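Okay, structure first, notes after.
There are 2 protein chains.
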Amino acid sequence: MTKAVVLLSGGLDSATTLAIAQAEGYEPYALTLRYGQRHQAELASAARIARASGVAEHLTLDLDLRRFGGSALTGDLAVPKDRDLDTPEAGIPVTYVPARNTILLSLALAWAEVLGTGDIFLGVNALDYSGYPDCRPEYLAAYERMADLATRMGAEKHRTIELHAPLIRLTKAQIIRKGLALGVDYALTTSCYDPGTAGRPCRRCDACQLRAKGFAEVGSPDPLLAGLATPTP
Amino acid sequence: MTKAVVLLSGGLDSATTLAIAQAEGYEPYALTLRYGQRHQAELASAARIARASGVAEHLTLDLDLRRFGGSALTGDLAVPKDRDLDTPEAGIPVTYVPARNTILLSLALAWAEVLGTGDIFLGVNALDYSGYPDCRPEYLAAYERMADLATRMGAEKHRTIELHAPLIRLTKAQIIRKGLALGVDYALTTSCYDPGTAGRPCRRCDACQLRAKGFAEVGSPDPLLAGLATPTP
């Protein structure tokens, strides 16, 4: 089996990506970053998903991106709520974490090089509402070119680096359908950018809204919400 | 003044690079990574250099690259000693840390984006003995292209990312001459890959040998060695 590093945040997209990597025959090495995200609940989700999926190894690294600041996801700006997702705001959302995917991929690249593989999976998505520059196909292509020059395996021509982004052109509903077909247990995942106590989703941030829209389009209840009381308005 | 992020390891090259950035009129924000390097002495050197240079800010981040393994510099392989630097070994040395410069640059990129600058300085060098793939000019050019696509500032065309590598084509002697002309105090720097107690250089690893050769060519004593006793053979 070919090894692959899979970036696993604990969200719906990365859980689906992990299942796809396994379905394609890769032996997954899951990598999670504890970067000071306010949605720490996703770290527990990542651990649950890794365990349930039987990955070869699950590594959680610590790197405190709050030291840089500049993002709603690391605490110094408020997470937007109740936005109309059909009317995208101008520019890049405040939930963008500066260079986060570049940092994540660099860590994945380091581990891939030690494992002797050039295959890296990540759950980025360019459709639905995103607006993050580091989720675009042209970004990933440029990253691959850079990574081939950066590494021993690239320089010595053993391997080229391939970034697998199987969700990049899918809608949230298509992602959920694919995951359900592969047996992903979405009850284990967390999407909310601003969860309350015990990781309870706020249901009002972009991530919660996108997730709800996806399950509604699929016509299937979100297993994460089963058993949670309806929030009081 | 234009802000610039300067990668500062605490070694001779990065101290010189910092002095060059200042001489070119940039306001330096120095970034150091505590990654589990066996030559931890360089962290104290970085702090001393930052203080002596009057940087705008010095940020030391923690990220334990020992979790990945695969390098002599993070502990699981022996640091080569007494090699003949005029006869380069085949391939990439074991002191190569997988994807280290890519990780360092990604962190610099995140900070640069928050600071609102596209200028990043790093002390990589493609001459002398190196052999690290992530020190080559073509790697840096590919990184710049990727970084422009990765970031808010690149995507919104405020700024493009520029990696300044002023030492890339210089020999160690040329670097030292330049630094001495700029008033760099090399007594504050550390180069050894495998220092003994109290950060004492081994004088036998590649880094020590290159440094000694550089000072010899300049015809100037290494101020770091002043006061240290000659090692018993």
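Chains as they are written, first to last, in numbering that gives the first Met the number 0: chain Z, 0 to 232; chain X, 0 to 232.
Glycine included, C-beta positions come from ideal geometry on N, C-alpha and C.
All values derive from a computational prediction rather than experimental measurement.
Inset, instruction - Determine the closest residue to residue 22 of chain Z out of Z/202, Z/188, Z/182 and Z/39, with distance taken between C-alpha atoms. - result: Taking residue 22 of chain Z as reference, the option from Z/202, Z/188, Z/182 and Z/39 with the minimal CA-CA separation is Z/182.
Legend entry - Whether residue 11 of chain X touches residue 174 of chain X by CB criterion (8 Å): For residue 11 of chain X and residue 174 of chain X, yes; Cβs fall inside 8 Å.
Legend entry - DSSP state of residue 12 of chain Z mapped onto helix, strand, coil: In this structure, residue 12 of chain Z counts as helix in the three-state DSSP scheme.
Inset, instruction - Could you pull the start and end residues of the beta strand (DSSP E) that residue 60 of chain X belongs to? - result: DSSP places residue 60 of chain X inside the beta strand (DSSP E), whose first and last residues are 56-61.
Inset, instruction - Label residue 106 of chain X either buried or exposed according to how many other C-beta atoms from any shown protein chain fall within 10 Å of its C-beta, with 16 as the threshold for buried. - result: Under this definition residue 106 of chain X is a buried residue.
Inset, instruction - Could you check the C-alpha separation between residue 132 of chain X and residue 167 of chain Z for me, to the nearest Å? - result: Rounded to whole angstroms, residue 132 of chain X to residue 167 of chain Z spans 30 Å at the Cα level.
Inset, instruction - Answer yes if the segment 212-226 of chain Z comes into contact with the segment 3-19 of chain X, meaning at least three C-beta pairs across the two stretches below 8 Å, and no otherwise. - result: Judged by Cβ distances under 8 Å, the segment 3-19 of chain X makes no contact with the segment 212-226 of chain Z, as fewer than three pairs qualify.
Inset, instruction - Identify the contact partners of residue 113 of chain Z in chain X, using a Cβ-Cβ distance below 8 Å as the criterion. - result: Residues of chain X with a Cβ closer than 8 Å to the Cβ of residue 113 of chain Z are, in chain order, 67, 68, 69 and 97.
Inset, instruction - Compute the Euclidean distance between the alpha carbons of residue 160 of chain X and residue 117 of chain X, then round it to the nearest angstrom. - result: In a straight line, the C-alpha of residue 160 of chain X is about 4 Å away from that of residue 117 of chain X.
Legend entry - Spatial distance of residue 109 of chain Z from residue 137 of chain Z (CA atoms): Spanning the two alpha carbons is a distance of roughly 22 Å.
Legend entry - 4-residue-minimum alpha helix (DSSP H) runs that sit fully inside the segment 69-155 of chain Z, ordered along the chain: Counting whole runs of 4 or more residues, the segment 69-155 of chain Z contains the alpha helix (DSSP H) stretches 99-114, 136-149 and 151-154.
Inset, instruction - Using beta-carbon positions only, say whether residue 44 of chain Z and residue 224 of chain Z come within less than 8 Å of one another. - result: Going by C-beta atoms, residue 44 of chain Z is not nearer than 8 Å to residue 224 of chain Z.
Inset, instruction - Check whether the Cβ of residue 172 of chain Z lies closer than 7 Å to any heavy atom of the ligand GDP, and answer yes or no. - result: This structure does not include the ligand GDP; it has no bound ligands of any sort.
Inset, instruction - Give me the Cα-Cα distance between residue 139 of chain X and residue 151 of chain Z, rounded to the nearest whole angstrom. - result: The alpha-carbon separation between residue 139 of chain X and residue 151 of chain Z amounts to approximately 15 Å.
Legend entry - Listed by chain order, chain X residues near residue 132 of chain Z by CB distance under 8 Å: Near residue 132 of chain Z (Cβ distances below 8 Å), the residues of chain X are 148, 149, 150, 151, 153 and 154.
Inset, instruction - Kindly indicate which three-state DSSP category residue 3 of chain X falls into: helix, strand or coil? - result: Note: residue 3 of chain X maps to strand in three-state DSSP.
Legend entry - Any 3 or more C-beta pairs closer than 8 Å across the segment 40-60 of chain X and the segment 26-45 of chain Z: By the Cβ test, the segment 40-60 of chain X is not in contact with the segment 26-45 of chain Z, since fewer than three Cβ pairs between them sit closer than 8 Å.
Legend entry - Chain-order list of residues whose beta-carbon lies under 8 Å from that of residue 178 of chain X (same chain, five-residue window excluded): Counting only Cβ-Cβ distances below 8 Å, and skipping sequence neighbours, we find 11, 14, 15, 18 and 185.
Inset, instruction - Pick out whichever of X/190, X/148, X/212 and X/200 has its Cα sitting closest to the Cα of residue 122 of chain X. - result: It is X/190 whose Cα lies nearest to the Cα of residue 122 of chain X.
Inset, instruction - State the DSSP-derived secondary structure class of residue 47 of chain X, mapped to helix, strand or coil. - result: For residue 47 of chain X, the three-state secondary structure derived from DSSP is helix.
Inset, instruction - Could you please tell me which residues of the segment 184-212 of chain Z, in chain order, have their CB closer than 7 Å to any CB of chain X? - result: Correct list: empty, as no residue qualifies.
Inset, instruction - Taking residue 160 of chain X as the query, report the chain Z residues whose CB atoms sit under 7 Å from its CB, ordered along the chain. - result: For the C-beta of residue 160 of chain X, not a single chain Z residue is nearer than 7 Å; the gap to the nearest is close to 10 Å.
Legend entry - Chain-ordered chain Z contacts of residue 105 of chain X [CB-CB under 7 Å]: Here the neighbours are 98, 101, 102 and 105.
Legend entry - Delimiting residues of the beta strand (DSSP E) encompassing residue 33 of chain X: Residue 33 of chain X: member of the beta strand (DSSP E) spanning 25-33, first to last residue.
Inset, instruction - Output the distance between the C-alpha atoms of residue 193 of chain X and residue 40 of chain Z, rounded to the nearest integer angstrom. - result: Between residue 193 of chain X and residue 40 of chain Z, the C-alpha separation is close to 40 Å.
Inset, instruction - Pull up the distance between the alpha-carbon of residue 128 of chain X and that of residue 81 of chain Z, whole angstroms please. - result: With a pLDDT of 47 at residue 128 of chain X, under the threshold of 50, the modelled position of that residue is not reliable, and the figure given next carries that caveat. Taking the CA atoms as reference points, residue 128 of chain X sits about 57 Å from residue 81 of chain Z.
Legend entry - Proximal residues to residue 142 of chain X (C-beta, below 7 Å), its chain only, five neighbours per side dropped: Excluding its 5 nearest sequence neighbours in each direction, residue 142 of chain X has C-beta neighbours in its own chain below 7 Å: 104 and 162, listed in chain order.
Inset, instruction - Consult DSSP for residue 209 of chain Z and reduce its assignment to one of helix, strand or coil. - result: In the three-state reduction of the DSSP assignment, residue 209 of chain Z falls in the helix class, which pools H, G and I.
Legend entry - Where residue 213 of chain X falls, given that 16 or more other Cβ within 10 Å makes a residue buried: Buried is the call here.
Inset, instruction - My understanding is that residue 1 of chain X touches residue 25 of chain X, with C-beta atoms under 8 Å, so please give their C-beta distance in whole angstroms. - result: With 8 Å as the limit, residue 1 of chain X and residue 25 of chain X qualify as a contact, their Cβ atoms being about 6 Å apart.
Inset, instruction - Report the three-state DSSP secondary structure of residue 223 of chain X (helix, strand or coil). - result: Three-state result, residue 223 of chain X: coil.
Inset, instruction - Please work out which residues of its chain come closer than 7 Å, Cβ to Cβ, to residue 61 of chain X, disregarding the five sequence neighbours upstream and downstream, and give them in chain order. - result: Hits under 7 Å: 33.
Inset, instruction - Find the residues of chain C that neighbour residue 142 of chain X, judging by a C-beta separation of less than 7 Å, and give them in chain order. - result: Protein chains Z and X are contained in the structure displayed, whereas chain C is not.
Inset, instruction - Using a Cβ cut-off of 7 Å, pull out every chain X residue sitting near residue 137 of chain Z, in sequence order please. - result: Around residue 137 of chain Z, the beta-carbon contacts reaching into chain X at under 7 Å are 148.
Legend entry - Residue range of the unbroken beta strand (DSSP E) whose run includes residue 162 of chain Z: That run of the beta strand (DSSP E) goes 161-163.
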